[in-house]
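Asker:
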Amino acid sequence: MLRFLPALTLLAMLGPVIAGLWGTALPAFGHLPAAGLTGPSLDPFRGLFGWAGLGAAVRLSVMTGLIATSVSLAIVVFITAGWSGTRSFRMLERMLSPLLSVPHAAAAFGLAFLIAPSGWVARLLSPALTGWDRPPDLLIVQDPLGLAMIAGLVVKEVPFLLLMTIAAMGQAQPRRSLLVAQSLGYGRLTGWLKTVFPRVYTQIRLPVYVVIAYSMSIVDVAVILGPSTPPTLSVQIVKWMSDPDLSMRLTGAAAALLQLALVIGALGFWWCGERIVARLGDRWIMSGRRGQFDAPIRIFSLGLGSISAVAILFGLAGLAVWSFAAFWSFPNVLPDSFTLRTWDRHGPDAIATLGETFFVAGIAVLLALVLVLGCLEAEHRSGRGLTRRGLWLLYLPLLVPQTAFLPGLQTLLLNLGADVGRLPVIFAHLVFVLPYVFLSLGDPWRSWDVRYTTVAGALGARPRTVFWRVRVPMLLRPILTATAVGIAVSVGQYLATLLIGGGRVSTLTTEAVALASGGDRRAIGVYGLMQTLAALVPFTLALIIPTILWRNRRGLHD
Amino acid sequence: MKHLTLIAALVAPTFALANPDPSDWDAVTTQASGQTVYWNAWGGSTTTNDFLAWVGDRVLEDYGVVLEHVKLTDTADAVTRVLSEKQAGEDDDGAIDLIWINGSNFAAMKDADLLFGPYAEQLPNWAVVDVDGKTVQTDFTVPVEGYESPWAMAQVVFVHNTATMPETLGSMDALLEWAQANPGRFSYPQPPDFLGTTFLKQALVDILDDPSVLQSPATDENYDVVTGPLWAYLDALTPHLWRMGRAYPATGTAMFPLIADGELDLSISFSPGAASTAISNFELPDTVRTFVLDKGTIGNASFVAIPYNSGSAAGAMVVANFLMSPEAQARAQDPNILGYGTVLDMDALSADERAAFDALELGIATLSPAELGSVQAEPHPSWATRIADDWAERYGTGQ
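Read top to bottom, the protein sequences are chains A and B.
Mapping to the working numbering: the first sequence position 487 is 487, numbers consecutive.
Remember, the working numbering sits 1000 above the position in the second sequence when you count from 1.
1) Candidates A/Pro331, A/Trp83 and A/Ser84: which alpha carbon is nearest valine 121 of chain A's?
2) Counting only beta-carbon atoms, is arginine 188 of chain A nearer than 8 angstroms to chain B?
3) Going residue by residue through the stretch 1147-1209 of chain B, where are the continuous alpha helix (DSSP H) segments of at least 4 residues, counting only ones entirely within it?
4) Distance check for glutamate 157 of chain A and valine 211 of chain A, CA to CA, integer angstroms please.
5) Using the three-state DSSP reduction, which class does histidine 1069 of chain B fall into: helix, strand or coil?
6) Use the C-beta contact count for tyrosine 1147 of chain B: other C-beta atoms within 10 angstroms, 16 or more gives buried, fewer gives exposed.
7) Based on Cα-Cα distance, which residue from B/Gly1064, B/Leu1241 and B/Glu1327 lies nearest to glycine 1314 of chain B?
8) State yes or no: is the beta carbon of alanine 1316 of chain B nearer than 8 angstroms to at least one beta carbon in chain A?
9) The beta strand (DSSP E) that contains leucine 1266 of chain B, what's its start and end?
10) Expressed to the nearest angstrom, what Euclidean distance is found between the alpha-carbon atoms of leucine 60 of chain A and glycine 226 of chain A?
11) Below 8 angstroms CB to CB, which residues in the same chain sit around leucine 406 of chain A once its five sequence neighbours on both sides are set aside?
12) Counting along the chain, where does the beta strand (DSSP E) carrying tyrosine 1038 of chain B start and finish?
13) Could you give the DSSP three-state label for serine 1302 of chain B: helix, strand or coil?
14) Give the DSSP bridge partners of arginine 298 of chain A, in chain order.
15) To the nearest angstrom, how far is the alpha carbon of threonine 1227 of chain B from that of tyrosine 1233 of chain B?
16) For the structure I just gave you, are there three or more beta carbon pairs, one from the stretch 1336-1348 of chain B and one from the stretch 1249-1257 of chain B, closer than 8 angstroms?
17) Beta-carbon of threonine 1227 of chain B versus every beta-carbon of chain A: anything under 8 angstroms?
18) Taking C-beta pairs closer than 9 angstroms, name the residues in chain A that proline 1166 of chain B reaches, listed in chain order.
19) Examine the Cβ distances between the stretch 1109-1116 of chain B and the stretch 1132-1149 of chain B and report whether three or more of them are shorter than 8 angstroms.
20) Taking only beta-carbon atoms, is leucine 1017 of chain B less than 8 angstroms away from chain A?
21) Contact check, proline 1022 of chain B vs glutamine 1122 of chain B under 8 angstroms by CB: the rounded distance?
22) With distances taken Cα to Cα, identify the nearest neighbour of tyrosine 201 of chain A among A/Thr509, A/Thr229, A/Ala168 and A/Leu549.
23) Along chain B, which residues have their Cβ under 8 angstroms away from the Cβ of aspartate 243 of chain A?
24) Pick out whichever of A/Val433, A/Met241 and A/Leu189 has its Cα sitting closest to the Cα of arginine 290 of chain A.
25) Taking 6 angstroms as the limit between beta carbons, can you name the residues of its chain near glutamate 1283 of chain B, skipping five residues before and five after?
26) What is the residue span of the alpha helix (DSSP H) that valine 571 of chain A lies within?
27) May I have the straight-line CA-CA distance separating aspartate 1206 of chain B from glutamine 1155 of chain B, to the nearest angstrom?
28) Distance check for phenylalanine 29 of chain A and glycine 1089 of chain B, CA to CA, integer angstroms please.
29) On the three-state DSSP scale, how would you describe leucine 48 of chain A?
30) So if DSSP puts phenylalanine 338 of chain A in a beta bridge, which residue, or which two residues, is it bridged to?
31) Start and end of the beta strand (DSSP E) containing phenylalanine 330 of chain A?
32) Does tryptophan 392 of chain A pass the burial test, meaning 16 or more other C-beta atoms within 10 Å, or should it be called exposed?
33) Tell me whether glutamine 292 of chain A is buried or exposed, calling it buried when 16 or more other Cβ atoms sit within 10 Å of its Cβ.
34) Could you check whether the Cβ of isoleucine 1007 of chain B sits closer than 8 angstroms to any Cβ belonging to chain A?
35) Enumerated in chain order, which unbroken segments of the beta strand (DSSP E) with a length of 3 residues or greater are wholly contained in the stretch 1084-1144 of chain B?
36) Give a yes or no on whether 8 angstroms exceeds the smallest Cβ distance from tryptophan 1242 of chain B to chain A.
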């Protein structure tokens, strides 16, 4: 049984992606038999290239993706370079880790309310400092350059990349290198960049690629913060896919393939950029310059990192205030009065939706845990570790843009006659939950001291007993953390729930994004908060449970 | 032969299940009991969501029908769903049992034979519907023929905040002049949003000296001539819109917070009572009022339709019938609940039933039926589709 689990895991992870791409490719070349259309034909691409907004939409997707990734990576690298090992760094790390689980949509709602011309920041400054007694007519949210959207992506990607970097540092042994560099007269930041960064970057490269692919094809953040004249290519794909005119679906499928090509292109572009940076970096290292701007860069990066954390926290606080607000107009910093009415109206529904959200997340994560633990155990017993190629396969579902394969998957599922509902949604979530659970569990699992196996074996335990009675209990904390990561990933899924569920499965995320179009900030506040809680509570439990269970096992506390 | 009878006996009930006969109401209600009806309706308005939840409670109580509201961001999503089910051969139990549908989507679905029916005029409550006084038998000029049933009357009203904009406007030209004098204080939802497209139609109907040409389908010959004045109008208006027309609100209700914050002074709504409802929900300041144009504004009925492949058509008909009941209609018209106009004929109701309507306070921002004035007819859907497409080309792609 154990032997088949790795293959089964690959199937669960890649099967839907490959099938979905196939389901996209057929209509993209004019093959949609039910609409009386048989391919191959290039008409869908002609339709796509005839769309007046294509240039702007493509530019928007590529630029927002690349800029958001570069900015997030720069902030993370400079913070780590300038501050790792200090108390400020630990504080920032502690502040950012829970923010990792805040769903993108909730963070985007919060940010929108902070930075809009009528947002909290403007309210705090008005009218005293700005002289505004009415909000200025400024295009901040939904700006054509996508700056608000980039900001929304950065505040979410900084925690992700920072935690990935911290994990990577464990293997890079930065302390010694830094000590040597510093003794040679390099500043902390320059020394770190020259000696540690090259090794760390190799480790976080794939996560960076994931951020690129994700930022370029995200739909929910783009709907909330991005422009609409035209929107990003991914948003437009979803619009085409839901147009009553069937021929638009062909255009949408063609656009989905274009989206895939764009992501591949952007990754290629980034890869070339890596080469250039490496070449220049070599020269810079060889030049032996000790660096002059350490201090300002250190301050600046810590400032940006803190702003991105504070933006999410205040955004969430804004959601909370809105959910209790009676009438609240500009430029008042707080509502005229507070009321429980919004929670009375939406609380019961939101709680019912929370149940559905946890049901889907729970089963997807349970399946993921079984598969991942099985794979890791098989890896351990066979003694064959995950190869570099295996790691790429693991990242593949995260690198293929969702808008490229989910619409196709939806069409295929219908063709198979699979009933829409929870089950297909759970499997669609599994595609995204699996890699994250694998990644978050892999390192702690492998770094477990195998001599315990020897000892247990010497005491007569079979491998199965070792697994259940020694390894799993000892690794309870990482298992629970992986569970929490998986739940957060599932809770945040928008497109997979919307398209595959056919509207019959509603989670907190789909409800919240549906409410976004109506603009009722109070209701959005309720759903945004519930969504955040759904992702945060499992993390809190993952911290508390081992502490309680192992309260009299000091050796099991990290 | 014996086998054939057996097969027929086995097949018959399923066949009957799939095709409930609307005229046999007892059979419909019997069959409906225990069915789950997935009602796909726009989910962006919390007041509408609450009303739909109440309908769900009531049909469960009276008929044992379980109603699930599938909240859409765009009704076209539901149409796509039915289309893709048809293409996949899912003809018996699709994901959708009832759709809150608008004229152009109705025309598209009726055209493609995607609707169950005719059923609407066989429903018991059809007897109290105001067939003569309200446009319930055509939808955007397309004959309904019983393939959808009405549940609310809508009419365009302009919503203004009297604290910052005391005056009312009599025509679209007056609106343009006002916008030029007050830049950035008016907007409309981005077409193809339903209300945004309605604004474009409203503008066209008001600008044209004789809008009767809009009652027949648009042709390649007359389209450019007829819509020319509209594009000239929008070219003049757009630079004076909120955010200079570089961004638009997503929907009608998304404009409420913009009015509450003072970003907008003026917006548009398709529900005469929505402003009053929003005031009572703290979404709008109590200085907001509504007005209509001198020549009247566009109005139509809201309908629900049942897809051809609904597995719970009986349950869906029960819901459709309940929506036309005096109880549901009076509740929908209450501005504290929804503020939607009724489709019923007051003279056809009993004294008790009428009393429920008479007792309603319309709300401070709601115009009386007399003040709402004459209703302008909706253009044929072919106009709306082409206008919305052209709008996207001209203003929706940053060109």
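We put the CB at the ideal spot given by N, CA and C, even for glycine.
None of the values given here were measured: they were computed from a predicted structure.
Answerer: Per the coordinate set shown:
1) The sequence position of residue 121 of chain A within the first sequence is 121, counting from 1. Valine 121 of chain A has its Cα closest to that of A/Pro331, out of A/Pro331, A/Trp83 and A/Ser84.
2) Working through the first sequence from its first residue, we reach residue 188 of chain A at position 188. No, arginine 188 of chain A lies away from the interface with chain B (no Cβ there is under 8 angstroms from its Cβ).
3) 1172-1181 and 1194-1207
4) One-based indexing of the first sequence puts residue 211 of chain A at position 211. One-based indexing of the first sequence puts residue 157 of chain A at position 157. Taking the straight line joining both Cα atoms gives about 7 angstroms.
5) By 1-based counting over the second sequence, the position of residue 1069 of chain B is 69. Here histidine 1069 of chain B sits in strand by DSSP.
6) Looking up residue 1147 of chain B in the second sequence gives position 147. Looking at its Cβ environment, which holds 16 or more other Cβ atoms inside 10 Å, tyrosine 1147 of chain B is buried.
7) The residue labelled residue 1314 of chain B in the question sits at position 314 within the second sequence. Going by the sequence as given, residue 1314 of chain B is alanine instead of glycine. Cα-wise, what sits closest to alanine 1314 of chain B is B/Gly1064.
8) As a working mapping, residue 1316 of chain B is identified with position 316 in the second sequence. No, alanine 1316 of chain B lies away from the interface with chain A (no Cβ there is under 8 angstroms from its Cβ).
9) For this step, residue 1266 of chain B is matched to residue 266 along the second sequence. Residues 1266-1269.
10) Here residue 60 of chain A refers to the residue found at position 60 of the first sequence. Here residue 226 of chain A refers to the residue found at position 226 of the first sequence. For leucine 60 of chain A and glycine 226 of chain A, the distance between alpha carbons rounds to 9 angstroms.
11) Residue 406 of chain A sits at position 406 when you count from the first residue of the first sequence. Cβ within range, chain order: Gly20, Ala428, Leu495, Ala496, Leu499 and Ile500.
12) Counting from 1 along the second sequence, the entry for residue 1038 of chain B is found at position 38. First-last of the beta strand (DSSP E) with tyrosine 1038 of chain B: 1036-1042.
13) The sequence position of residue 1302 of chain B within the second sequence is 302, counting from 1. Residue state, collapsed to three classes: strand.
14) Position 298 of the first sequence, counting from 1, holds the residue named residue 298 of chain A. Arginine 298 of chain A pairs with nothing; no bridge assigned.
15) Counting from one through the second sequence, the residue named residue 1227 of chain B turns up at place 227. Counting from one through the second sequence, the residue named residue 1233 of chain B turns up at place 233. Taking the straight line from one Cα to the other gives about 10 angstroms.
16) no
17) Sequence index remark: in the second sequence, residue 1227 of chain B carries index 227 (1-based). No, because no Cβ of chain A sits closer than 8 angstroms to the Cβ of threonine 1227 of chain B.
18) Against the second sequence, residue 1166 of chain B aligns to sequence position 166. Under the 9 angstroms cutoff, chain A gives no residues; its nearest Cβ is about 16 angstroms from proline 1166 of chain B.
19) yes
20) For this step, residue 1017 of chain B is matched to residue 17 along the second sequence. Confidence at leucine 1017 of chain B is low in this model, with a pLDDT of 46, below 50, so the placement of that residue should be treated as unreliable; the coordinate-derived value is given next. No - not a single Cβ of chain A is within 8 angstroms of the one on leucine 1017 of chain B.
21) As a working note, residue 1022 of chain B is residue 22 in the second sequence. As a working note, residue 1122 of chain B is residue 122 in the second sequence. Right, the Cβ-Cβ distance comes to about 4 angstroms (below 8 angstroms), so this counts as a contact.
22) Locating residue 201 of chain A in the first sequence gives position 201, counting from the first residue. Out of A/Thr509, A/Thr229, A/Ala168 and A/Leu549, A/Ala168 has the C-alpha closest to the C-alpha of tyrosine 201 of chain A.
23) Your numbering for residue 243 of chain A matches position 243 in the first sequence. In chain order: Ala1076 and Thr1080.
24) Translated into positions along the first sequence, residue 290 of chain A becomes position 290. Residue A/Leu189 is the option with its Cα nearest to arginine 290 of chain A.
25) Mapped onto the second sequence, residue 1283 of chain B falls at position 283. Excluding residues within five positions, the ones whose Cβ falls inside 6 angstroms are Phe1256.
26) As shown, chain A starts at 1 and ends at 558. That puts residue 571 of chain A outside it, with no answer to give.
27) Position 206 of the second sequence, counted from the start, is the residue given in the question as residue 1206 of chain B. Position 155 of the second sequence, counted from the start, is the residue given in the question as residue 1155 of chain B. Near 14 angstroms, if we compare the C-alpha coordinates of glutamine 1155 of chain B and aspartate 1206 of chain B.
28) Locating residue 1089 of chain B in the second sequence gives position 89, counting from the first residue. Locating residue 29 of chain A in the first sequence gives position 29, counting from the first residue. Approximately 21 angstroms between the Cα atoms of the pair.
29) As a first step, residue 48 of chain A must be located in the first sequence, where it is residue number 48. Three-state result, leucine 48 of chain A: helix.
30) Residue 338 of chain A sits at position 338 when you count from the first residue of the first sequence. Paired residue(s): A/Ala325.
31) Position 330 of the first sequence, counted from the start, is the residue given in the question as residue 330 of chain A. Run containing phenylalanine 330 of chain A: none; DSSP gives neither H nor E here.
32) In the first sequence, counting from the first residue as 1, residue 392 of chain A sits at position 392. So tryptophan 392 of chain A counts as exposed.
33) Against the first sequence, residue 292 of chain A aligns to sequence position 292. Counting Cβ neighbours within 10 Å, glutamine 292 of chain A comes out exposed, since fewer than 16 surround it.
34) Along the second sequence, read from residue 1 onward, the residue named residue 1007 of chain B stands at position 7. Interpretation of isoleucine 1007 of chain B is limited by its pLDDT of 47, a score under 50 that renders its predicted location unreliable; no figure is taken from the coordinates.
35) 1098-1101
36) To locate residue 1242 of chain B, count along the second sequence from 1; it is residue 242. Interface residue, yes.
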